[in-house]
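Chains as they are written, first to last, in numbering that gives the first Met the number 0: chain U, 0 to 202; chain P, 0 to 182. For each residue, glycine too, the CB sits at the ideal point set by N, CA and C. Down below is the structure, laid out as structure tokens.
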Amino acid sequence: MTDLAPSIPVIETKRLILRGPEAEDYPDFKSTFTSYRARFMGGPLNPYESWMLYAAEIGHWQIRGYGMWMIHDKASDETYGMAGGWKPAMWPEAEIAWVIWPDRAGKGFALEATHAVRRFLYQQKGWTTAVSYIDPMNLDSIRLAERLGAVKDSDAQSVDGSDAVYRHPAPAKLDGSQLAHGIEMEIGHYADPKFKPEGWAID
Amino acid sequence: MSALTLHIPTVETGRLILRGPEARDFDALAAFFADEGRSWGFGGPKTRNEAWRWFAGNIGHWALHGYGFWTVETREGGQIIGIVGLWNPEGWPEPELGWVMFEGSEGKGYAYEAAQAARAHAYGSMGFTTLTSNIFPGNARSVALAERLGARYERDYTNVTDETEMAYRHPGPEALAKAEGAA
């Protein structure tokens, strides 16, 4: 008997609870990854590809000891997307990645979840740096990377030359810094809006 | 902690051990997938990145379905010689029994021994009542093994990549028990 039990920690934030991907969450994942929303993430995928990618998200936890969490609403438990660490074979570095279901965008969920997983990967998994590989056309993701304090790193190796590398601030730069306070303040505004942001939706 | 636990049974035969996939198995699988001559009948060729995603996906397949591909190694020497298992990702017509032997491990009856053990385990503790094997036209080695296992051609079907494959139907648990009793 091979007992593989990749114990996936649960992360709680103000509005969200992040857990490992489970079978019952798959339909939500499939809806997004078989849609146009997935165009910057190698999609849209057919149902087979979508299912295999979801299975790989689970296997990634077993192989690497970290992976992508499913983002749930703390109260209703409904899913909003995924965020976490991602490093398939041939990735130059470990990546912090995120995806928000298209009908859940614009509420700061990706910011809140990704901020939390980044802190976890830095503090609990000992990461000292992290990148995000982003399609240059994916403006929502580039904006989110920048709101998280990541900056474009033109010297870093990209996955296949077609993606831009954003370098996240090092752990020390997130420790009680103005940057960290700014991120937390923005998350706070989404959770308890003192104003309703208008204009384009941001993740 | 989330409830993501995998209990992958180990199955032993006279010469082989079928066990859950481990990270150290990946290089052998990647080499197989990189070789078009060997992997064309199994969705190959695949780049190392694609092979890794398949490898990770197989672990997730165990988590989601409770079955998947075992790594096959020799009892003596612990050499990794291939994979055998039960496969049913979304888009598959029904669960299939699949097998792959890595370079240098054919011609020894290993695939037959491993596939027979996997099938027996599927019919036994896993509770399967029927199994198919999906084989690309022209894959004579796999057809020969399917037939040696008692499977018979049933029909053509269109697979997830819009190609035609042949479905071979294995004898069910009762037919198999009867055949073994008669033998």
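- Among the residues of chain U, those whose CB is under 8 Å from the CB of glycine 56/P are Met51, Leu52, Ala54, Ala55, Gly58, following chain order.
- Cβ-Cβ distances below 8 Å link aspartate 34/P to Gly43, Pro44, Glu102 in the same chain, with the five nearest sequence neighbours on each side left out; the list follows chain order.
- Aspartate 24/P is classed as buried because its beta carbon has at least 16 other beta carbons within 10 Å across all chains shown.
- Distances from the alpha-carbon of leucine 173/U to those of Ile7/U, Ala37/U, Trp97/U, Leu120/U put Leu120/U closest.
- Rounded to whole angstroms, the Cβ separation of glutamate 72/P and arginine 151/P is 30 Å, and the two are not in contact under 8 Å.
- The alpha carbon of asparagine 57/P has as its nearest neighbour, out of Arg37/P, Ile79/P, Leu85/P, Trp39/P, the alpha carbon of Leu85/P.
- Taking a contact to require three or more Cβ pairs closer than 8 Å, the segment 5-21 of chain U and the segment 33-46 of chain U do not qualify as touching.
- Burial is judged here by how many other beta carbons sit within 10 angstroms of a residue's own beta carbon; leucine 138/U has fewer than 16 and is exposed.
- Within the segment 159-186 of chain U, no residue places its CB atom closer than 7 Å to a CB of chain P.
- At a cut-off of 8 Å between beta carbons, glycine 65/P makes no contact with chain U.
- Of all residues in the segment 28-52 of chain P, only Ala29, Thr46, Arg47, Asn48, Ala50, Trp51, Arg52 come within less than 8 Å of chain U when Cβ atoms are compared, listed by chain position.
- Rounded to whole angstroms, the Cβ separation of arginine 146/U and glutamate 185/U is 7 Å, and the two are in contact under 8 Å.
- In the DSSP annotation of this structure, the continuous segment of the beta strand (DSSP E) that includes tryptophan 97/U starts and ends at 94-99.
- Between glutamate 23/U and the set Val150/U, Ala54/U, Phe108/U, the nearest pair of CA atoms involves Ala54/U.
- The segment 127-136 of chain U makes no contact with the segment 98-110 of chain U: fewer than 3 CB pairs, one atom from each, lie closer than 8 Å.
- Listed by position along chain P, the residues whose Cβ is nearer than 7 Å to that of tyrosine 47/U are Pro88, Glu89, Gly90, Val159.
- By the Cβ neighbour-count rule, alanine 174/P is exposed, with fewer than 16 other Cβ atoms within 10 Å of its own.
- Around the beta carbon of histidine 114/U, 16 or more other beta carbons sit within 10 angstroms, so the residue counts as buried.
- Residues of the segment 149-177 of chain P with a C-beta atom less than 7 Å from some C-beta of chain U are Val159, listed in chain order.
- About 6 Å separates the beta carbon of leucine 15/P from that of glutamate 112/P, a gap short enough to meet the 8 Å contact definition.
- Nearest in C-alpha terms to threonine 12/P, of all of Ala119/P, Ala166/P, Glu162/P, Glu179/P, is Ala119/P.
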